[in-house]
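Protein chains in written order, with our numbering: chain A, 16 to 295; chain B, 224 to 561; chain C, 5 to 288.
Note that CB positions come from ideal geometry on N, CA and C, so glycine has one too.
Structure first, then comments.
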Amino acid sequence: MLPLRVHPVVSNPIEARPSPSREDQHGLEAMRLTTWYGERIAIRDVSLGFGKGKITAIIGPSGCGKSTLIRCLNRMHEVTPGARVAGKVLLDGEDIYADGVDPVLVRRRVGMVFQRPNPFPTMSIFENVAAGLRLNGIPTGKRLPDLVWEALDRVALWDEVKDKLREPGTALSGGQQQRLCIARALAIAPEVLLLDEPTGALDPVATLKIEELLRELKDDYTVVIVTHNMQQAARVSDVTAFMLAGADRIGSLVEVGPTSQIFTSPKDRRTEQYITGRFG
Amino acid sequence: MIAPTSGSPRHILTVDERRVALSKASTGRAADRVVAKLFWLCAVCILLLVLAIALMTVVQSWPSLTRFGIGFLFTQTWDPVAGHFGALPFIYGTLVTSVVALLVGGPVGLGAAIALSEFTRGSLRDLLSSLVELLAAIPSVVYGLWGIFVLAPILRQTVEPALRESLGFIPLFTGPAYGVGMLAGGLILAIMILPTIAAVSRDVLRAVPVDQREAMLALGATRWETIRGAVIPYARTGIVGGIILGLGRALGETMAVTMVIGNRPAVSASLFAPGYTLASVIANEFSEAATDLHLAALVEIGLVLLGVTVVVNAIARVLVWQIKRPDRPSAAAGNVVR
Amino acid sequence: MRKRSSIAWHRRLGNVLMIGLCVAALGLAVGVLLLVLGYVVSEGAGSLNPAFFTQTPRPVGETGGGMANAIVGTLILVAIAVSIGLPIGVGAGVYLAEYGRSRLATVVRFVSDVLTGIPSITIGLFAYGLLVVPLRSFSAIAGGFALGVIMLPVIARTTEEAVRLVPDAIREGALALGIPRWKTLVTIVLPTAIGGIVTGAILAVARVAGETAPLLFTAFGNQFWISSIRQPIAALPLQIFVYAISPYDDWHRQAWAGSLVLVGLVLLLSLGVRVAVRRRALGG
Numbered sequence: 016m017l018p019l020r021v022h023p024v025v026s027n028p029i030e031a032r033p034s035p036s037r038e039d040q041h042g043l044e045a046m047r048l049t050t051w052y053g054e055r056i057a058i059r060d061v062s063l064g065f066g067k068g069k070i071t072a073i074i075g076p077s078g079c080g081k082s083t084l085i086r087c088l089n090r091m092h093e094v095t096p097g098a099r100v101a102g103k104v105l106l107d108g109e110d111i112y113a114d115g116v117d118p119v120l121v122r123r124r125v126g127m128v129f130q131r132p133n134p135f136p137t138m139s140i141f142e143n144v145a146a147g148l149r150l151n152g153i154p155t156g157k158r159l160p161d162l163v164w165e166a167l168d169r170v171a172l173w174d175e176v177k178d179k180l181r182e183p184g185t186a187l188s189g190g191q192q193q194r195l196c197i198a199r200a201l202a203i204a205p206e207v208l209l210l211d212e213p214t215g216a217l218d219p220v221a222t223l224k225i226e227e228l229l230r231e232l233k234d235d236y237t238v239v240i241v242t243h244n245m246q247q248a249a250r251v252s253d254v255t256a257f258m259l260a261g262a263d264r265i266g267s268l269v270e271v272g273p274t275s276q277i278f279t280s281p282k283d284r285r286t287e288q289y290i291t292g293r294f295g
Numbered sequence: 224m225i226a227p228t229s230g231s232p233r234h235i236l237t238v239d240e241r242r243v244a245l246s247k248a249s250t251g252r253a254a255d256r257v258v259a260k261l262f263w264l265c266a267v268c269i270l271l272l273v274l275a276i277a278l279m280t281v282v283q284s285w286p287s288l289t290r291f292g293i294g295f296l297f298t299q300t301w302d303p304v305a306g307h308f309g310a311l312p313f314i315y316g317t318l319v320t321s322v323v324a325l326l327v328g329g330p331v332g333l334g335a336a337i338a339l340s341e342f343t344r345g346s347l348r349d350l351l352s353s354l355v356e357l358l359a360a361i362p363s364v365v366y367g368l369w370g371i372f373v374l375a376p377i378l379r380q381t382v383e384p385a386l387r388e389s390l391g392f393i394p395l396f397t398g399p400a401y402g403v404g405m406l407a408g409g410l411i412l413a414i415m416i417l418p419t420i421a422a423v424s425r426d427v428l429r430a431v432p433v434d435q436r437e438a439m440l441a442l443g444a445t446r447w448e449t450i451r452g453a454v455i456p457y458a459r460t461g462i463v464g465g466i467i468l469g470l471g472r473a474l475g476e477t478m479a480v481t482m483v484i485g486n487r488p489a490v491s492a493s494l495f496a497p498g499y500t501l502a503s504v505i506a507n508e509f510s511e512a513a514t515d516l517h518l519a520a521l522v523e524i525g526l527v528l529l530g531v532t533v534v535v536n537a538i539a540r541v542l543v544w545q546i547k548r549p550d551r552p553s554a555a556a557g558n559v560v561r
Numbered sequence: 005m006r007k008r009s010s011i012a013w014h015r016r017l018g019n020v021l022m023i024g025l026c027v028a029a030l031g032l033a034v035g036v037l038l039l040v041l042g043y044v045v046s047e048g049a050g051s052l053n054p055a056f057f058t059q060t061p062r063p064v065g066e067t068g069g070g071m072a073n074a075i076v077g078t079l080i081l082v083a084i085a086v087s088i089g090l091p092i093g094v095g096a097g098v099y100l101a102e103y104g105r106s107r108l109a110t111v112v113r114f115v116s117d118v119l120t121g122i123p124s125i126t127i128g129l130f131a132y133g134l135l136v137v138p139l140r141s142f143s144a145i146a147g148g149f150a151l152g153v154i155m156l157p158v159i160a161r162t163t164e165e166a167v168r169l170v171p172d173a174i175r176e177g178a179l180a181l182g183i184p185r186w187k188t189l190v191t192i193v194l195p196t197a198i199g200g201i202v203t204g205a206i207l208a209v210a211r212v213a214g215e216t217a218p219l220l221f222t223a224f225g226n227q228f229w230i231s232s233i234r235q236p237i238a239a240l241p242l243q244i245f246v247y248a249i250s251p252y253d254d255w256h257r258q259a260w261a262g263s264l265v266l267v268g269l270v271l272l273l274s275l276g277v278r279v280a281v282r283r284r285a286l287g288g
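Put into structure tokens, the structure is as follows:
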């Protein structure tokens, strides 16, 4: 198990958890997550497991807290000034919010792709993909071009950009830029891949390409995707979680289950209302 | 083209190797602190600098401060030889030239701003705005040169005699027409603060929402009535702030004024008479001051100048706080909105 | 009907009058600009000869000579000013942009604006006390230092804006890769903001190149070339000032020429920045 701490710390005894076999299936598990922006609670008491080799989609209307939730999974939520998190998130069984855990190490194991493609503007395509390795000081030596090739090939971008690797990352189309960002995230070999509305800013063709890519990726990663597009969740995910914000504007988890079940026979009435378009 | 060195094995540097390397690579905790501290230091430098300036000015003027006390501000004599120093003539000269500058530069600047904001559009507006801002880019000494050889002769030969003819019953316009004098100083200052007032006013006016204008126009008002009744009142705070900003700049302006004001430490009623400003006397006498007391007195004048400009600028900032950070760096932004 | 149009006519007249006045004001402003520039060009152009750029001033009373040492002097002073004002200014600007919510940041921002309002002659007095008195000599260092202090808040402000403009998405993209915060700042955020930072620095230089007052008793002026920056040094604006207030026609002529060079330099820098900004905005 890879260390999340830089310095050895006496580990806190973790309270009773489910049987080992079921727990192993979770690449990532959120336990009783509550978050604040300053004094305002954003999401309350969310517990959710994300399976290895599966794509889990988080759906819900705007403001339900799904982006907040996913940003807690790689400790990006706390980057916002005044933001706080309570609860646990277990990465391979170890709580990423435990004392002494370095968020930087967490983020190297849990990758993220954002809604708007954000390639680094001063870097070429090659440099963008290599950024995670280079800037973290990983000695790749002569093998860097291979690693860049591997990542670009994985996202089916290699053939399109192989002749223009030295051009700026921003010279590509929106869909290509987003695949570039996925390649950039994959280059550092994360265990989990988080995608926060990855196709929100893309056209339908680019969207389908990315969905296809995600289906291929799930074999090797735990994939979590936030989407406001229900059809996308239905097409792409194995497990779907539905979140909702109450009148108090605090988000919580309403229901989670296999995608087919959520979309055909949801257990909670609110899920059913959302699915059938009654609100949100 | 960067080609892979090997064929297509899936993990060239294995996933595990990468993960281990990443878990061991530095997370930059220490560097984060050091770098943050470094930038913090630079910011603190500015703070310390201003404190140092204030402190140094007080310390250097100490002999004069203790000798003359508060009377320094009200004494008219400035006699380096006898060691009697009083700042009144300079305060007077600074005030008069600044008031003239505001009275002339204010309306012209505001008028130009209105013209720019309300009656020009697109690239013409950009061009004309740039030209007005260019006024702020011209160095003070060049204005002084122009003042000596172009403005002063015009004043001496044409304007001042004409004013004396027509308005000579007012004490302001009496006396011989030297050309150089407080009027010249005020006019040069007017030119120099005009771009400041114009730029700030233009920005505030442009920021007035369109529906304010449209509401008045819909009521049947003319363009000017709209401007006077809806636009200007809405932008009033910013405009006043811009004018005060201009005042701040006028108070501290040195070279151009020094070159055209005539450099005589006396309080006169007439605008035609030579005068002296706080900044000018420092500029003229400092490098040749013979006695320590003279130096200290000059620094005390600098202290007065410092205090006054800081207060005036602070007031202006409070009024213009949202304008002071323009969203595009205009070519003369550093000069115009000082 | 008649009543409405009779009210309208004097309102219409007032309207036309006031609009006319405003446009006239604008015309006046632009006209004055052209008047000043026009005189600088017409009086100065004739005196711009190779001698002007290569020779140092002649002794008092003699005609001829040039401002070569003054031009170089200005360049040297600007170089010293930049070496002081740029690092600290950029550092402060980055602090304000990146760590800018603290109380210190608010105070520093306010104080920085106060600093821009301090008359340059007062800063000259400060540099005098700090550097001229202890070193017992007027010097290029003192002059450069004074100019650096003037540049400092300008650069801090433009740097802060430039760094602020870097989208948060870029920062988050880097942090999400597990890149430490300081590295994100130095290798990704700052290079992205470099255009704006450089622009701000050039504007600050344009502003400071024309300053005379703070140099009067720091750099002081020099008829000759210098061999060390601890000596007094000539500067273009200083030279213009001395020549302008002198009684010699030849010096007046040279003052105009010097003004043309100075204004040309300042305008070139300001316009160059404008062009660069526009090109960057269009290129995207």
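Classification of residue i by the beta-carbon crowding that lies within 10 angstroms, buried from 16 upward
i, result
"residue 46 of chain C", "exposed"
"residue 128 of chain A", "buried"
"residue 14 of chain C", "exposed"
"residue 543 of chain B", "buried"
"residue 161 of chain A", "buried"
"residue 262 of chain A", "exposed"
"residue 239 of chain B", "exposed"
"residue 486 of chain B", "buried"
"residue 213 of chain A", "buried"
Chain A contact residues for residue i, given Cβ-Cβ distances below 7 Å
i, result
"residue 191 of chain C", "150"
7 Å Cβ cut-off: residues of chain B touching residue i
i, result
"residue 226 of chain C", "Going along chain B, no residue has its Cβ under 7 Å from residue 226 of chain C, so there is no contact; the nearest lies around 13 Å."
Residue i, DSSP secondary structure in three states
i, result
"residue 393 of chain B", "coil"
"residue 488 of chain B", "coil"
"residue 101 of chain A", "strand"
"residue 245 of chain C", "helix"
"residue 61 of chain C", "strand"
"residue 199 of chain C", "helix"
"residue 369 of chain B", "helix"
"residue 157 of chain C", "helix"
"residue 37 of chain C", "helix"
"residue 92 of chain A", "helix"
"residue 186 of chain C", "helix"
Continuous alpha helix (DSSP H) stretch holding residue i: start and end
i, result
"residue 532 of chain B", "515-543"
"residue 82 of chain A", "81-87"
"residue 263 of chain A", "Unbroken run through residue 263 of chain A: none, as it is neither H nor E."
Nearest to residue i (by Cα), restricted to the options the options
i, options, result
"residue 401 of chain B", "B:387, B:502, B:252 and B:392", "B:387"
"residue 235 of chain C", "C:141, C:203, C:262 and C:284", "C:141"
"residue 538 of chain B", "C:253, C:114 and C:241", "C:114"
"residue 406 of chain B", "B:351, B:458 and B:370", "B:370"
"residue 4 of chain C", "C:227, C:208, C:190 and C:263", "What the structure shows of chain C is the stretch from 5 to 288, and residue 4 of chain C is not part of that stretch, so it cannot be assessed."
"residue 227 of chain A", "A:247, A:242 and A:74", "A:247"
"residue 513 of chain B", "B:382, B:289 and B:306", "B:306"
"residue 379 of chain B", "B:507, B:483, B:459 and B:335", "B:483"
Under 8 Å by beta carbon: chain C residues contacting residue i
i, result
"residue 147 of chain A", "181, 182 and 183"
Contact test: residue i Cβ vs the ligand MG heavy atom, cutoff 7 Å
i, result
"residue 256 of chain B", "By its list of ligands, the structure shown contains no ligand whatsoever, and the ligand MG lies outside what it can speak to."
Per-residue contacts from residue i into chain A (C-beta, under 8 Å)
i, result
"residue 201 of chain C", "Here the premise fails: no neighbours, minimum Cβ distance about 13 Å."
Interface residues of chain A facing residue i [CB-CB closer than 9 Å]
i, result
"residue 253 of chain B", "By Cβ distance, chain A contributes nothing, its closest Cβ being about 10 Å from residue 253 of chain B, past 9 Å."
For residue i, the first and last residue of its enclosing beta strand (DSSP E)
i, result
"residue 447 of chain B", "Looking at the DSSP string, residue 447 of chain B is not in any beta strand (DSSP E); the run it does join, the alpha helix (DSSP H), is 446-449."
"residue 48 of chain A", "41-52"
"residue 436 of chain B", "Premise fails: residue 436 of chain B lies in the alpha helix (DSSP H), 433-441, not in any beta strand (DSSP E)."
Under 7 Å from the C-beta of residue i: neighbouring residues of chain C
i, result
"residue 242 of chain B", "Those do not exist, as residue 242 of chain B stays about 11 Å from chain C at its closest Cβ, beyond 7 Å."
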